[in-house]
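Written below as structure tokens is the structure these notes are about.
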């Protein structure tokens, strides 16, 4: 049975800025080397007030095609939150 894991970082509104930064640093360290053969992907969310701000809100790894899964996750999310600007960015 293949391992399927989806890990979401905490959204900024749920915790303080330093807590968010600490959690992201720990995830970044965990994915310095690819977890899966297809490469791992961050889900980035553009800031609500400043378009140059990008926040890591999700991490996709453990699938056969992480990029495809990342794109599908964003597509599903946009059906409910159409104004959100999300993108998939290689994590390693």
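Numbering (our numbering), first residue to last: 830 to 921. Even glycine gets a Cβ: it sits at the ideal position worked out from N, Cα and C.
Tell whether a beta-carbon distance below 9 Å holds between residue 876 and residue 895.
Against a cut-off of 9 Å, the Cβ pair of residue 895 and residue 876 comes out as no contact.
Express the C-alpha separation of residue 890 and residue 870 in angstroms, rounding to a whole number.
Rounded to the nearest angstrom, the two C-alpha atoms are 7 Å apart.
How would you call residue 860, buried or exposed, if buried means at least 16 neighbouring beta carbons within 10 angstroms?
Flag for residue 860 reads buried.
Check the C-beta distance from residue 873 over to residue 916 and give it rounded, since I have them as a contact under 8 Å.
Contact holds; Cβ gap of about 5 Å.
Where do the ends of the beta strand (DSSP E) carrying residue 908 lie?
Counting along the chain, residue 908 falls outside any beta strand (DSSP E), though it belongs to the alpha helix (DSSP H) covering 895–909.
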